[in-house]
Amino acid sequence: MKIWTSEHIFNHPWETVATAAWRKYPNPHNPAVIGTDVIERKVVDGVLHTQRLVSSVWYFPKWAQALIGSAKVCYAAEHSEVNPHNRHMILKTINLTFCRHIAVNETLKYIPHPADPSKTLLKQEATVTVQGVPLTNYMEDMLTKRISNNAGKGRQAMEWVINKINEEVKDFTESADEILHHTKKSLDDLTFSAKKSMDDISQKAKRSWEDMPHLKINSNFSEC
Numbered sequence: 020m021k022i023w024t025s026e027h028i029f030n031h032p033w034e035t036v037a038t039a040a041w042r043k044y045p046n047p048h049n050p051a052v053i054g055t056d057v058i059e060r061k062v063v064d065g066v067l068h069t070q071r072l073v074s075s076v077w078y079f080p081k082w083a084q085a086l087i088g089s090a091k092v093c094y095a096a097e098h099s100e101v102n103p104h105n106r107h108m109i110l111k112t113i114n115l116t117f118c119r120h121i122a123v124n125e126t127l128k129y130i131p132h133p134a135d136p137s138k139t140l141l142k143q144e145a146t147v148t149v150q151g152v153p154l155t156n157y158m159e160d161m162l163t164k165r166i167s168n169n170a171g172k173g174r175q176a177m178e179w180v181i182n183k184i185n186e187e188v189k190d191f192t193e194s195a196d197e198i199l200h201h202t203k204k205s206l207d208d209l210t211f212s213a214k215k216s217m218d219d220i221s222q223k224a225k226r227s228w229e230d231m232p233h234l235k236i237n238s239n240f241s242e243c
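Per the working numbering, residue 20 is the first one in the sequence shown, and the count goes up by one each step.
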């Protein structure tokens, strides 16, 4: 059995990183993961529990395929817990494909950085066990190195998703500002038009009132 651990600091608040974790796949940095499907989701005591099926492609060398077999698409079960009150997010994943010979258990934990709550600390751990085939140590080393490599790609993917989220927020803010600007302009134009109409009505009423004495005089002449 091989155990791999790692820590990484994201210079983003926990809420942003947790949101990015949900939208992590698919991404251009780690194309091996081709999809995720939500199997079950529920809230228990304020904690969001989610079960997802993760679909990916594992690229094994031919000698490894001869030992454990091959599959076009590999599947893993992921269970996650998100506690917004404590600002904790935990994801646990175990492989379903090749589970007769290989067991890969991976845990990711996102928490606010203890020294700087505006940042997020990622704690990552994976255990790899290969059994029932020759070259178990060699295969465990190979899988552990692959996990380490994919972890680096995963962090790049998280930054990519966070940038997308920030761009979406920026675009939304700009759109909202533009809508407010046009709304204010429309209200100003409407107010100006209404004021102009009222001024015109007032002027016409004033002229009509001023013409009334002349009408009365003309009426008296007509009676004579």
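The beta carbon of each residue, even a glycine, is placed where N, CA and C say it ideally should be.
{"query": "Using a Cβ-Cβ cutoff of less than 6 angstroms, which residues in the same chain neighbour Asn124 once the five nearest sequence positions on both sides are dropped?", "result": "Ile113 and Thr146"}
{"query": "Would you list the residues sitting across from Gly54 in a DSSP beta bridge?", "result": "Ser74"}
{"query": "Between the beta-carbon of Val76 and the beta-carbon of Asn102, is there less than 8 angstroms?", "result": "no"}
{"query": "Considering only the beta carbon of each residue, do Arg174 and His27 sit closer than 8 angstroms?", "result": "yes"}
{"query": "Just to confirm my understanding: we take Arg60, look at its own chain, exclude 5 residues before and 5 after, and list those with CB closer than 6 angstroms. What are they?", "result": "Thr69"}
{"query": "How is Asn49 classed by DSSP in three states: helix, strand or coil?", "result": "coil"}
{"query": "Does DSSP put Asn185 in a helix, in a strand, or in coil?", "result": "helix"}
{"query": "With Gln143 as the anchor, note down where its beta strand (DSSP E) starts and where it stops.", "result": "Thr139 to Val149"}
{"query": "Using alpha carbons as the reference points, say which of Lys189, Asp190, Val52 and Tyr129 lies closest to Ala96.", "result": "Val52"}
{"query": "Measure the alpha-carbon distance for Pro131 versus Asn105 and round it to whole angstroms.", "result": "9 angstroms"}
{"query": "Are Asn169 and Asn46 touching if we call contact CB-CB under 8 angstroms?", "result": "no"}
{"query": "Please classify Ser89: does DSSP put it in a helix, a strand, or coil?", "result": "coil"}
{"query": "Taking the DSSP output, what are the residues bridged to Ala122?", "result": "Thr148"}
{"query": "Can you find the residues in the same chain that come closer than 7 angstroms, C-beta to C-beta, to Ala90, ignoring five residues on each side of it along the sequence?", "result": "Thr116"}
{"query": "Are the CB atoms of Lys189 and Asn30 nearer to each other than 8 angstroms?", "result": "no"}
{"query": "Whole angstroms are fine: how far does the CA of Lys183 sit from the CA of Thr210?", "result": "40 angstroms"}
{"query": "Do Val149 and Ile181 count as a contact pair if the criterion is CB distance below 8 angstroms?", "result": "no"}
{"query": "Tell me which residues share the same chain as Ile58 and place their Cβ nearer than 7 angstroms to its Cβ, disregarding the 5 neighbours each side in the sequence.", "result": "Gln70, Arg71 and Leu72"}
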